[in-house]
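Protein chains in written order, with the numbering used here: chain A, 37 to 351; chain B, 24 to 688; chain C, 77 to 237; chain D, 11 to 344. Here is the structure we will look at.
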């Protein structure tokens, strides 16, 4: 974090009472949905053992709705649990899901890709001031100092299109866009410098596939990178295979990525994976005006074309 | 281990001059999986092919690489030879060492090295080749023709005459289309009705044609050879089987003041009506929107007067499913709206020409009705406002067409000719009248067309003014036409008795909706797209669907009829076989891996991808996956490149084959 | 003429336009550098970005992707989809640090034998001056430190194979 | 008399080892994290935090070649990698949770098949352990029978002292040799005060009781309850000092290639996927159960050891917040 920002870094973005109120409302709503039989399960968050942590929770019993919470530690994009990758987790029937604005974009994308249907969902939107960055100090309340990078540029704090939205956010301060700045920094480099940057980062990759496994859009039943006939991408965690894997991953998400940055958060090796996704999102916006939004768009930018698309790069 | 045979052709000296073919044979013989490599002077000759056949048998080859010319030249030859030797033809590949090597490189060493590489990666590919069997699709030898204008009539008659069943669907109560509304036709000035009505009667009487008028296409499913078409037969309120067409109902109908759309609203018709006297079928339909019985329940005259008891007020729309093997789309065109811009129209309209506000500003089709012997004036040209003979008529061309600012940039193709015709018809009927034509260019490409136009100008004394009209306004009982003559460079003002606008031909309103039902593509103006502008002008991208007439773009009658017959010929070609056989280069879905994102469906240019539900033995849905209909797939492979998990694979170009080649480079 | 460095160039082309255009260059006896290896696809729509990546990984110094001009696609729209796909992919490659001068895209019709020669010649000459694509080749030989063979004996044994 | 070494001399020790041709591996800052990596200079050593990955990769590489093949004119030539040629190595700054894992792994790598790739690296490596002062709320070494001061697995053990520098305890011949061959860098002291170590807080685990429960509860609803949310990545296994599953794959082309051994993880959906298409562990709960069973029951059954040293890495970096300590506490409750 830069030093000039340090001063109000620790100023809480929202009062603790905000989370308490949202949590209460969330529990009430979840209990109602389950006991009235509106849904068969609620996918939400519950508190972790350690201070300032939370994780996904799937609640099917109204009596356990009071385990649900909402706080700045609720980092996960729960849309993951609606995908084929997590087949059968939520069971059958209508499912309620707790969604931050950024998670809603993923839900919209999954609907557009025929993975989920709106009518099978009850979306409990939560107005979110942001979540903790990975590795951030969670002993303090959420502030500009321990906020996740993606949240600094968030435009969907208050979700739209949900069945219910819980919480009303106080006005939030404008924060410097650190991710956009990092992207600009990389773009200003020479190709050789960028190659060195990524080579160093990808060299750390151990192919734990956390990036893939937490991505709501990596729902393929057979990842191309797990295939061995033919072996499109080397499976071994060597520099060559790592580079190929991350290029393929970014390409497969281009035009689909909802920008939740879960890949980057989940990476135990701190590889700035979301930079790749952001870069592709920016390019597709510039080329084709596409942006991941809150409503499903049937055809993404790479499954559609216009006859007058740019072809200045083609001889 | 594979047993590949490599056969290297000298092509006389065409290859061996620059490529050391013996060396290629020596090196490639040692490649893993190669059982034999030999070279020969002319591999495509009979002895050369026999060499290949013999080697397949002797060495029990399971793959063949012929290193010779381009596969575009001889792939078929060698695949047939392989087949004759008992090998699946798709296990034979060509390595192009002539067009791509010996002919384009001079350095023997370089060319030889390149030839070796080409053979090498082709060998790697062949090892991953799979035997493929041709795909056969059964064909239902019945055709659907959509639209009963001259295009649809021609196509239906041709197909029916060839002995195949045809289902002809027409939206209006009668077939005939726009041509039935015309007076006389260019460039011969023969009477439209006279040449049209016999064909209409032929349709009605043809044993192979099933005619559905007052009907629309509800849904189309299936694919080439095997379409299921649901036709909505709108309630006619008249039993077609009982009706004798005597016309008493129409005569007795108390509600007679309904604008007659067939006559461009110049005349009126009753609520129970046929659009025009020569209608086919000659069975009336009740216009429920205007019928007193349907509006108030208080009438019932037609039912009382109908001898055969054909009137049926309770008739409902009927949905009928027709299985067909091919579809001819001949849904025709609409005319550009020259009135004020309707809210839902993409086009600007011509408010400045006062159409609708000035009664004596009409469009060309209205003029046709005025000039038609069966029209509302009995063929006398009388202007709408007061029924007087117009002595000065101004024709304005390119109204809507070639007017980018109005939304259409194309040329409507028929207006130059029909305006010339109009001036003649006018002159023939009103000898002392004067016709003026404002035009941009006269476009007359067609047999005897320019002669016809010249006749209008030179013999029939139509005054052609090259220039545009800026404004029309009413002055007394005249319409003042303000325009410019760009050749002379002066402003022109004419006090006309009647102004006729040559309005643009545009796609039918709702053409896009029909296209979506059919799964065919259309351009930005909603005209239907042919598969290839030059070489497949009547085929659609969607196999088994063909285009005829102005639904594809503006066309005159001769072109329309030609295209209709061409479409019919395509249908007959298809029906000449019992089964459709095609190259098995088609995509297949690995259902186990498919996650059902349907990206393949979104990119498929052929609409070949469908959704398929996978259920367990109890019928519970496990998942929805993509299914590629091999009868429809064109084999481009765009689906596979798009599929993130490569769960759809193009036979003949699988990832395994391609990766093997890249790795062998 | 001999050059210090002869690059390996891989061309992915569609069968209907560019492959035929290259055939035409052959039947017209036009001359061009022998560095290019042509892989035939039904359509540029079939060409997966992974193939380009793989080609670079397996030692290509330059890659050419070529197909039908827009509107001429035998399959109507395959090249339109390919155009978007590659517009995106080249941006990605550029972002990870690949010099885009090594990756060429072109439309070459069946009638453009001359254009084929020009495209291939230009690319070959450009890459001759650029030298080998060291980045991917280095990457191929690198190991994670924990599996790296550090001793001289092992290195020698390794180099001998 | 106990030996000590100053901070500066510790770095000089690294420098002189490198100069002698020894490979020195220790915590090093790389990007935004610390990893055990080969050190180029003593000053690269960074002992401020627990490295993100465990030290197991010193013995059990992330990925290594085990043979290479090349097709030539005379057929296929295969070259085996000779484990005897592995370099002499010093691992410096291994925390107790990392150092203690190596002897646990010896059991499985020297059981029926002697995995020389692992064992040679063990033989050739001298481990300099470091008492741990940085426990956080994910750490639980003391709950599984270790402690921040435990020297298990170390040849030489460093304990930070209040005055700066470290108290050095040589535990094996390797450790003693290291001191004697660099004697000038070590001092003798009688009164060095070890820094107070930060014992991880929380419930102590009764591993015997836990195993007892596991013996009885292969089938239990708890597995679904815990692991439905598991995303199926390998971060827990890959960061773990004791997880040692690996896969072997041939990579390359028809012309040449390598046989490679690399880390695998039981959390992966494909981990036990059979060629037939059948997968006995077809759902995440079954895979997670295997992880717990392997660590606290199977390995105990076979070798009398536990495959967990309480480093807490899997807790800290689980993307979906699965907390093995919480799971074990739950199991302990019964």
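Every residue, glycine too, gets a C-beta built ideally from N, C-alpha and C.
The Cβ atoms of residue 273 of chain B and residue 304 of chain B do not sit closer than 8 Å to each other.
With contacts defined by Cβ atoms closer than 8 Å, residue 476 of chain B and residue 102 of chain C do not form a contacting pair. Within the stretch 108-138 of chain B, not one residue has a Cβ closer than 9 Å to any Cβ of chain A. When C-beta distances to chain C are compared with 9 Å, the residues of the stretch 668-682 of chain B below that value are 669, 673, 675, 676, 678, 681, 682, in chain order. When Cβ-Cβ separations below 8 Å define contact, residue 86 of chain D makes no contact with chain C.
Just measuring C-alpha positions, the residue of B/212, B/617, B/625, B/628 sitting nearest residue 635 of chain B is B/617.
Counted as a single uninterrupted DSSP element, the stretch harbouring residue 459 of chain B is not any alpha helix (DSSP H) but the beta strand (DSSP E) occupying residues 457-462. Taken atom to atom, the span from the alpha-carbon of residue 325 of chain D to that of residue 250 of chain D is near 10 Å.
Contact between residue 146 of chain B and residue 27 of chain B holds: CB atoms are separated by about 6 Å, below the 8 Å threshold.
Using beta-carbon distances, residue 263 of chain D counts as an interface residue toward chain B, with a partner under 8 Å. Per DSSP, residue 333 of chain A lies in no beta strand (DSSP E) segment and is marked neither H nor E. Taking every protein chain shown into account, the CB of residue 339 of chain B has fewer than 16 other CB atoms within 10 angstroms, so this residue is exposed. Annotation for residue 682 of chain B: the continuous alpha helix (DSSP H) segment containing it runs 678-687. Cβ neighbours of residue 310 of chain B within its own chain (closer than 6 Å, five residues either side excluded): 294.
Comparing alpha carbon positions, the residue from D/342, D/320, D/336 closest to residue 151 of chain D is D/320. Using a Cβ-Cβ cut-off of 8 Å, residue 147 of chain D counts as an interface residue toward chain A, since at least one Cβ of chain A sits closer than that to its own.
Secondary structure note for residue 107 of chain D: its alpha helix (DSSP H) is the uninterrupted segment 106-109.
Looking at the DSSP output, residue 158 of chain A shares a beta bridge with A/132.
Contact between residue 266 of chain D and residue 81 of chain D holds: their C-beta atoms lie close to 7 Å from each other, under 8 Å.
For residue 83 of chain D, the chain B residues whose C-beta falls within less than 9 Å of its own C-beta are 53, listed in chain order. Between residue 271 of chain B and residue 322 of chain B the beta-carbon gap is near 15 Å, outside 8 Å, which marks them as no contact. Taking CB atoms only, residue 687 of chain B has a neighbour in chain D less than 8 Å away. Assignment of beta strand (DSSP E) within the stretch 140-201 of chain D, counting only whole runs of 3 or more residues, yields 166-170, 176-180, 196-198 in chain order. For the set A/75, A/173, A/98, A/283, the Cα lying nearest the Cα of residue 133 of chain A is the one of A/75. Secondary structure within the stretch 449-518 of chain B: the alpha helix (DSSP H) runs of 4 or more consecutive residues, fully enclosed, are 472-477 (chain order). Taking residue 307 of chain D as the centre and dropping the five residues before and after it, the same chain places the C-beta of 221, 224 closer than 6 Å to its C-beta, in chain order. Using a Cβ-Cβ cut-off of 8 Å, residue 307 of chain A does not count as an interface residue toward chain C, since no Cβ of chain C sits closer than that to its own.
Under a 10 Å Cβ-count criterion, residue 234 of chain A is classified as buried, with 16 or more other Cβ atoms of the shown protein chains found around its own Cβ. Approximately 31 Å separates the beta-carbon atoms of residue 258 of chain D and residue 337 of chain D; this is outside 8 Å, ruling out the contact.
Inter-residue distance for residue 211 of chain B and residue 162 of chain C is about 55 Å (C-alpha atoms, whole angstroms).
Here residue 291 of chain B carries a strand assignment [DSSP, helix/strand/coil]. In this model, residue 194 of chain B and residue 179 of chain B are separated by some 16 Å (Cα to Cα).
Interface flag for residue 135 of chain C against chain D is unset, since no Cβ pair is found closer than 8 Å.
Within 10 angstroms of the beta-carbon of residue 117 of chain A lie 16 or more other beta-carbons, which makes it buried. Residue burial is scored here from C-beta neighbours: residue 426 of chain B has at least 16 other C-beta atoms within 10 angstroms and is therefore classed as buried.
Of all residues in the stretch 266-279 of chain A, only 268, 269, 273, 274, 275, 276, 279 come within less than 8 Å of chain C when Cβ atoms are compared, listed by chain position.
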